[in-house]
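Right, one structure below, let's go through it.
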Amino acid sequence: MDPRHFRTLFISDVHLGSKAAKADYLLDFLRHHEADTIFLVGDIVDGWRLKRNWYWPQHCNDVIQKLLRKARKGTRIVYIPGNHDEFLRDFPGMHFGGIEVAQRAMHETADGKKYLVLHGDEFDVVVRNARLLAYLGDWAYDMAILINIGLAAVRRRLNMPYWSFSAWAKLQVKHAVNFIGEFQRVVAEEAKRNDADGVICGHIHHAVIEDLDGIRYINTGDWVESCTAIAEHEDGTFELITWQNILETQPVGSPVEEMPQALGAQAA
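Oh and the sequence shown: position 115 is 115 in the working numbering, straight run, nothing missing.
Here is the structure:
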């Protein structure tokens, strides 16, 4: 299967170093998608978890090597650190293996629109002002992810599709739903203050493309629960791609070439 080519790809919240990271899914995605520019929109490496307990399987190395290989072949890759990989915020403007580090960026689309690109944690009051509470929330999220892993194993045995308990639970909690809405509002306001037409961010693991008071709000989602990325086409339109490992979705005896590249997409 030939890879799909886009003008720009936006990926965030991979959390390499966490046992919940679906690094194999991302590696599969990177094999089937190419772009002139790739923005890594924060929390690619999970420094918080690595400090607590070192976990770095081969798939994590493979993802890093794949990105470095793309950079060597001419893809521009911009890494905007988040709160989990904040150690990289000490190196703005530096290049590592051809990968640029930036605090934030202003991306101009093919149709001339300007999009502010940032991780978004600076607008999360918990992360900014109550670090201990943020760590406790991180622990609770880990527990939900462990439930995810167990459910996923059972559903695979029953030949049922992947379903995220943690994503479902998050949207059942009124406080979480209110937080998502407030986060979207303040990030959109930041884009407006920067005279941008829209904003592209991550952080809250809730992928969406929507308009908020004249600002196009785009969230890349994550590679822990939903396995999503944002793609910009050559005409400047955006697509939200939801990915599952192509081998996992392949029927027995069916050639890989016949499988769909994306199991879900939202165009805007």
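For glycine and all other residues, C-beta sits at the position ideal for the given N, C-alpha and C.
Kindly indicate the opening and closing residues of the alpha helix (DSSP H) around Y79.
Position 79 of the sequence shown, counted from the start, is the residue given in the question as residue 79. First-last for Y79: R76 to Y79, but that is the beta strand (DSSP E), not the alpha helix (DSSP H).
Taking the CB atoms as reference points, tell me whether V78 and F39 lie closer together than 7 Å.
Residue mapping note: residue 78 aligns to position 78 of the sequence shown, counting from 1. Residue mapping note: residue 39 aligns to position 39 of the sequence shown, counting from 1. Cβ distance < 7 Å, so V78 and F39 count as in contact.
Cα-Cα, which of P3, R185 and D46 is closest to V14?
The sequence position of residue 14 within the sequence shown is 14, counting from 1. Taking only the C-alpha atoms, the option nearest V14 is D46.
Which of the three DSSP states, helix, strand or coil, is assigned to K19?
As a position in the sequence shown, residue 19 is number 19, starting the count at 1. Coil.
Do you know whose CA, among L158, A153, D121 and I147, lies nearest N219's CA?
In the sequence shown, counting from the first residue as 1, residue 219 sits at position 219. Nearest of L158, A153, D121 and I147 to N219, Cα basis: D121.
Who are the Cβ neighbours of A191 in its own chain at under 7 Å, not counting the five residues just before and after it?
Against the sequence shown, residue 191 aligns to sequence position 191. So the list reads L116, G198, V199 and I215, once near-sequence residues are dropped.
Is the region 63-70 touching the region 88-107, taking contact as three or more C-beta pairs under 8 Å?
yes
On the criterion of 16 or more Cβ atoms from any shown chain inside 10 Å, does N53 qualify as buried, or is it exposed?
Locating residue 53 in the sequence shown gives position 53, where the first residue counts as 1. The residue in question, N53, is exposed, as its Cβ has fewer than 16 Cβ neighbours within 10 Å.
Could you say which of H84, E108 and H33 lies nearest to R49 if we only look at CA atoms?
Walking along the sequence shown from the start, residue 49 turns up at place 49. Of the candidates H84, E108 and H33, the one whose C-alpha sits nearest the C-alpha of R49 is H84.
Quick one: what does DSSP say V117 is sitting in, helix, strand or coil?
Start at 1 with the first residue of the sequence shown, and residue 117 comes out as number 117. Correct three-state label for V117: strand.
For H205, the three-state DSSP class (helix, strand or coil)
Numbered from 1 along the sequence shown, position 205 holds the residue referred to as residue 205. Reduced to three states, the DSSP call for H205 is coil.
Between E234 and A35, is the Cβ-Cβ spacing less than 7 Å?
If you number the sequence shown from 1, residue 234 lands on position 234. If you number the sequence shown from 1, residue 35 lands on position 35. Their beta carbons are not under 7 Å apart, which means E234 does not touch A35 by this criterion.
Report yes if the CB atom of L119 is closer than 7 Å to the CB atom of G17, and no otherwise.
As a first step, residue 119 must be located in the sequence shown, where it is residue number 119. As a first step, residue 17 must be located in the sequence shown, where it is residue number 17. First, the amino acid is wrong: residue 119 is His here, not Leu. In this structure, G17 does not lie closer than 7 Å to H119 by Cβ.
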